[in-house]
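First the structure, in the form of structure tokens, and then the observations on it.
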Amino acid sequence: MNPDPTASRAGFREDDGEGGRILALTMISTPTKCATRHLSDQFETPVSPSLYSCACFNYLTFHVTILITGGAGFIGGNFVLDWLAQSNDAVINLDKLTYAGNPETLASLQSDPRHTLVQGDIGDSALLAGLLAQHRPRAVVNFAAESHVDRSIHGPEDFIQTNIVGTFRLLEAVRAYWMGMASDAKAAFRFLHVSTDEVYGSLSKDAPAFTEAHRYEPNSPYSASKAASDHLVRAWHHTYGLPVLTTNCSNNYGPYHFPEKLIPLMIVNALAGKPLPVYGDGLQVRDWLYVKDHCSAIRRVLAAGTPGEVYNVGGWNEKPNIEIVQTVCRLLDAMRPRADGQSYSAQITYVKDRPGHDRRYAIDASKIERELGWKPAETFETGIEKTIAWYLANPEWVAHVQSGAYREWVQTHYAQPEGVQQGLASSAESSAS
Ligand code: NAD
Ligand code: DAU
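Residues in the sequence shown are numbered from 39 upward in steps of one, following our numbering.
Following this line, the structure appears as structure tokens:
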């Protein structure tokens, strides 16, 4: 079915027999003039005039959708929310909804037809091929991963499957799709892979921060799996010419962070009167970046990065863990004092260290600033205050992720046809046949 080009605000759906899928939504004033912010708004790669003067139909179907993977997780969720706050581009959000994927993070988009959440695995080739063919995204941003170092130590299998095999399958599906694109769209297409500073290994106390030229020395199953995925992405560019971009970012913090990671765990445990577990001597150093700044860096790299290049992203905020924990306690003391008048720091408990614990990470983010003009907007002081304020204001979100209630939330809130699409079931059927 074609979109109605005369509608003043027209979403258009293709009836695929599964209840309808939103392909894109835009503002259309006349059949020949499209009021949508065009490719150039978010993508600075030159595109042909024919795309600007767009025959809206082609524009809609081929150029206003981006595919995000892992967009129900911490960073992906923040990215989707920020993207849709700033752009009319539709988002297809492919997420397996593991324990870390929480559609409740995307609750404000529930009736926003620009967002479609598809439950499925980046390792599912049939599902990927179908989504790419149907939605014709102009870019793919890959956030999907198993991301928790401690979990990777206890059970590395899922990390190998998603981070390595999944990235490989995604690259293959995207390559096939990209090969079949028309030349203008093919030139403008981007695959952005979101990676981590942990691939570079651990720094000694006085060593300079990681640049993009630092050798890869991953030390945990998690970082080794991310390193492998980075190598695959690089090779798909070098060998096949796929226009890839890779970002390697330092530790993020902010809203919607699953409370298994240091900062949200400390906030949540402190408020619950539980111990605040500090691994080893607490003097390991991490370089902290407010999540919204990571999202803006990704948008900037997507818009202006050079294919094949790697960009380190960081906040210039190196801090030992114990200082982070003490800061959280100090702010909570001021913002939500304990009933007994004591400091939350009384709850700090030193525990056994993480095996193979990397001592120090630090990102040199000069390249992205020099070449793309990106800098973080938040300092650690402003970002951590916003983060704590968010957790204090959103106890339900925390309670639900802790109880697993968000799984029920999917059922009750996404029952409408345009809600979560179950990609797994349909593609499992197709691969079985
Ligand atoms: P997260 O664990 O919060 O979210 C990961 C998301 O991916 C979840 O929604 C999960 O359901 C989804 N997912 C997992 N396996 C999947 C699969 N096979 N198919 C589809 N979806 C799947 O992670 P995060 O902290 O948001 O990290 C996002 C990305 O950023 C990861 O690639 C991570 O390596 C990278 N990164 C994270 C940080 C950080 O500090 N959190 C820093 C730098 C880079
Ligand atoms: O550097 C980027 C990476 O940052 C990302 O690639 C990972 O996905 C992300 O999880 C994060 O990894 P870390 O291992 O650095 O984050 P985590 O929050 O698990 O731990 C931060 C530091 O705090 C680390 O030195 C371990 C320590 N820690 C962590 C927890 C959960 C504690 O001391 N106590 C804790 O309870």
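All C-beta atoms in this analysis are idealised placements derived from N, C-alpha and C, irrespective of residue type, glycine included. Please read these numbers as outputs of a predicted model, since none were measured by experiment.
Nearest to residue i (by Cα), restricted to the options the options
{"i": "Ala123", "options": "Leu209, Leu144 and Ala183", "result": "Leu144"}
{"i": "Pro393", "options": "Glu407, His192, Glu356 and Leu303", "result": "His192"}
{"i": "Asp325", "options": "Glu356, Gly108, Thr234 and Arg337", "result": "Glu356"}
{"i": "His252", "options": "Leu241, Ala377, Ala225 and Pro375", "result": "Leu241"}
{"i": "Asp244", "options": "His438, Arg397, Ala443 and His332", "result": "Arg397"}
{"i": "Gly353", "options": "Ala308, Glu416, Val282 and Arg338", "result": "Glu416"}
{"i": "Asn286", "options": "Gly292, Tyr294, Ala223 and Ser261", "result": "Ser261"}
{"i": "Ile386", "options": "Val339, Glu423 and Ile305", "result": "Ile305"}
{"i": "His186", "options": "Thr200, Arg174, Val179 and Thr277", "result": "Thr200"}
{"i": "Asp159", "options": "Ser146, His153 and Phe206", "result": "Phe206"}
{"i": "Tyr317", "options": "Asn432, Tyr238, Gly109 and Ile362", "result": "Ile362"}
{"i": "Phe117", "options": "His295, Ala431 and Tyr349", "result": "His295"}
{"i": "Val351", "options": "Ala223, Phe248, Ala164 and Leu155", "result": "Phe248"}
{"i": "Thr107", "options": "Ile202, Ser190, His438 and Asn131", "result": "Asn131"}
{"i": "Asp331", "options": "Val282, Ile422 and Ala372", "result": "Ile422"}
{"i": "Leu303", "options": "Ala372, Gly111, Gly115 and Val436", "result": "Val436"}
{"i": "Arg174", "options": "Val102, Glu210 and Asp222", "result": "Val102"}
{"i": "Thr344", "options": "Gly279, Ser125, Lys390 and Leu105", "result": "Gly279"}
{"i": "Gln172", "options": "Phe112, Thr154 and Asn126", "result": "Thr154"}
{"i": "Thr420", "options": "Val366, Thr284, Ala384 and Asn432", "result": "Val366"}
{"i": "Ala335", "options": "Pro375, Asn290 and Leu321", "result": "Asn290"}
{"i": "Pro27", "options": "Gln440, Tyr388, Cys333 and Arg189", "result": "Summary: the structure shown does not reach residue 27, with the chain confined to residues 39 through 471, and so no result is reported for it."}
Residue-chain proximity (residue i, chain D), Cβ-Cβ < 8 Å
{"i": "Glu409", "result": "Within the model displayed, chain D is absent; a lone protein chain is all it includes."}
Strand pairing of residue i, partner residues [DSSP]
{"i": "Pro315", "result": "Thr387"}
{"i": "Thr285", "result": "Val232 and Tyr349"}
{"i": "Tyr291", "result": "Tyr328"}
{"i": "Asp133", "result": "Gln157"}
{"i": "Ala245", "result": "Partner(s): none; Ala245 has no beta bridge."}
{"i": "Thr143", "result": "Per DSSP, none; premise fails for Thr143."}
{"i": "Lys357", "result": "Arg324"}
{"i": "Val366", "result": "Answer by DSSP bridge pairing: none, since Val366 is not bridged."}
{"i": "Arg338", "result": "Arg338 is not bridged to any residue."}
{"i": "Ile401", "result": "Phe248"}
{"i": "Val179", "result": "Ile106 and Leu230"}
Cβ separation of residue i and residue j, assumed to be a contact under 8 Å, to the nearest whole Å
{"i": "Ala182", "j": "Asp120", "result": "At roughly 18 Å, the Cβ-Cβ gap does not stay under 8 Å, so Ala182 and Asp120 are not in contact."}
{"i": "Pro293", "j": "Val323", "result": "Contact flag wrong, Cβ pair sits at about 24 Å."}
{"i": "Ser233", "j": "Lys264", "result": "5 Å"}
{"i": "Tyr444", "j": "His438", "result": "5 Å"}
{"i": "Pro256", "j": "Pro194", "result": "The Cβ separation is near 12 Å, so there is no contact."}
{"i": "Tyr382", "j": "Ala308", "result": "4 Å"}
{"i": "Val129", "j": "Arg152", "result": "6 Å"}
{"i": "Thr277", "j": "His231", "result": "So it is not a contact: roughly 15 Å between Cβ atoms."}
{"i": "Ala223", "j": "Ala167", "result": "Contact flag wrong, Cβ pair sits at about 17 Å."}
Residue i Cβ short of 7 Å to the ligand COA heavy atom set
{"i": "Cys367", "result": "In terms of ligand content, the structure shown lacks the ligand COA and carries the ligand NAD and the ligand DAU instead."}
Discussion item. Could you check whether the segment 214-225 touches the segment 255-270, counting it as contact only if at least three pairs of C-beta atoms, one from each stretch, sit closer than 8 Å?
Written reply: no
Fill in: Segment contact, 8 Å Cβ cut-off, at least three pairs: the segment 324-342 with the segment 393-404
yes
Worksheet item: Is the number of C-beta pairs between the segment 222-230 and the segment 294-302 that are closer than 8 Å three or more?
Response: No: fewer than three Cβ pairs fall under 8 Å.
Worksheet item: Three or more beta-carbon pairs under 8 Å between the segment 406-415 and the segment 338-350, yes or no?
Response: With a cut-off of 8 Å on Cβ pairs, the segment 406-415 is in contact with the segment 338-350, counting three or more such pairs.
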